[in-house]
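Data block below; observations after.
Residue numbers (my numbering), protein chains in the order written: chain A, 1 to 292; chain H, 293 to 584.
Take a look at the structure:
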């Protein structure tokens, strides 16, 4: 698998990198970003075989891999703690990839919803679940010093939905999951209903495997889960609906740490304000260490 | 002076705000951003008359006020230390404002160079020196709890040039100055020569009051000065030329703390990596405190 380096920037004594590659699963060319902390850069330079705990970040509607890299301020704490960050794009890309008819922001390009589409014409390219769970990991694990036994996943909004559903379906693989302002129940909100009906068709039963609240209700393995939600988020009531996820957790006896943050909205200013606490949460679980 | 609020986001328990106003000095409508740390938000809410130390940030070529706000990660440490951040735009704006003939990035819109233009047609709008030194301060001081006796200034690239020249000409007002990758000698580099000739005309003597190295050579009051420069900066040799500033400092006996950072480039990834150290530098001087 050929990786073409698009850019490379020193950042907090580590390296912020961006690559392009051909995706077989998505049938298109894709970009992703990866942050290597100082310790990983040094290990690579010195030819050491050390591997590092790794976090996958899934972004929200309209984002590419670049928004998080530029706006979340995650590199500082990732470098301090020695964590690798992997940031995929949010959908297949390219002129040949079908988009929303009206080019709306909530479906198609920039809105892959981290699922495997079954409906034409979307099923040819929109296989983001397989891309995130299989193809991208195989690429980054072949090229970077990733500790396969110490991986977690987190994300924002649509990416919060992605992180939760992927972690719940792969609880043996991800040691912890967290989300900022996640879409908690795709089968019960306008964003989700639009996306699932177009990607998956009319059979609503098939939608349930991409609904975080539903998956929680049927989960067997419980991994640590952290959610932060701003109280001034414009999408809170109609789209995100954390009350449905919290009810499912209560029903299933699934432990969740849920923080409602007064005054915060849906923006990257919210993510930046709490990114350190999320990264520390994962780090503690991935390394078994408690750093205060 | 009417301020129109464009946006407001909670950020690190403070508020990131953006305003629009009519500028008399620039004869156009302008935007600026301001960050209020947690302590200032609380003081305003409680009706207290406390005022806060304040940093002006001047941005580089092509930037608006938004780049720094979104990418530098400055709010975290500003909130922790209780500092107000004021981030102006980099030039006058609007369809009536003359731009570079070829709409190049290094002159005109987004490239005001923090000077008062004397040449037509630029002299009508391009009065950024007066805007930064007089009009904007009068506006923010009338509307926010700014401690007039505790102000410093910093910036990046063209904004590093702006911060240095403005501080050197107003050493009684600014208690300290710092810069990332500044244009150190506008009269000796292509960016500067283009801008100064178009804004100020052919009389090169008139250019000298906007040349940091020249001003250092003729400065009387020495305020603390910190400069960070990446060694992998593509503009280092031809445009930034810190060696000219360092030579001037040596000649004038002007104390400067200069850090050459191996591997870092001209991007916001560099700024983000060292923004905390710059803000701590200013805070220590503005408050007379040493926080480790």
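The beta carbon of each residue, even a glycine, is placed where N, CA and C say it ideally should be. Computed from a predicted structure; not experimentally measured.
Around the CB of residue 325 of chain H, 16 or more other CB atoms lie within 10 Å, so the residue is classed as buried. Each residue's CA atom was taken as its position, placing residue 179 of chain A and residue 532 of chain H some 42 Å apart. The continuous alpha helix (DSSP H) containing residue 482 of chain H extends over residues 482-492.
Residues of chain A with a Cβ closer than 7 Å to the Cβ of residue 301 of chain H are, in chain order, 265, 267, 269. One thing to note: residue 171 of chain A has its Cβ no nearer than 8 Å to the Cβ of residue 153 of chain A. Of all residues in the stretch 232-263 of chain A, those with a C-beta nearer than 9 Å to a C-beta of chain H are 232, 261, 262, 263, reading in chain order.
Residue-level contact check: residue 486 of chain H does not touch chain A, since none of the beta carbons of chain A fall below 8 Å from its beta carbon.
At least 8 Å separates the CB of residue 473 of chain H from every CB of chain A. Around residue 352 of chain H, no beta-carbon contact reaches into chain A at under 8 Å, the shortest distance being about 15 Å. Buried is the label assigned to residue 15 of chain A, since at least 16 other Cβ atoms lie within 10 Å of its Cβ. Annotation: the continuous beta strand (DSSP E) that includes residue 313 of chain H extends over 306-315. The residue from A:230, A:110, A:175 with its alpha-carbon nearest to that of residue 158 of chain A is A:110.
Residue 39 of chain A sits away from residue 271 of chain A, with the two beta carbons spaced by 8 Å or more. Interface criterion not met: the Cβ of residue 175 of chain A is under 8 Å from no Cβ in chain H. One thing to note: residue 399 of chain H has its Cβ no nearer than 8 Å to the Cβ of residue 375 of chain H. Here residue 227 of chain A is bridged, per DSSP, to A:179, A:258. Scanning its chain for C-beta atoms nearer than 6 Å, with the 5 sequence neighbours on each side dropped, one finds around residue 548 of chain H the residues 517, 541, in chain order. In terms of Cα proximity to residue 368 of chain H, the closest of A:287, A:280, A:274, A:282 is A:274. Cβ proximity to chain A below 8 Å picks out 362, 363, 365, 367, 368 from the stretch 357-387 of chain H.
Residue environment for residue 261 of chain A: buried (at least 16 other C-beta atoms within 10 angstroms of its C-beta).
Residue pairing by DSSP places residue 5 of chain A opposite A:19 in a beta bridge. DSSP, reduced to helix, strand and coil, places residue 500 of chain H within a helical segment of the structure shown.
The C-beta distance from residue 182 of chain A to residue 132 of chain A rounds to 15 Å, too long to fall under 8 Å, and the pair is not in contact. Residues of the stretch 16-33 of chain A with a Cβ closer than 9 Å to any Cβ of chain H, in chain order: 16.
Nearest neighbour of residue 223 of chain A by Cα position, chosen from A:265, A:169, A:186, turns out to be A:169. If you draw a 10 Å sphere on the C-beta of residue 495 of chain H, you find fewer than 16 other C-beta atoms in it, and that means exposed. Residue 149 of chain A carries a strand assignment under DSSP once its states are collapsed to helix, strand and coil.
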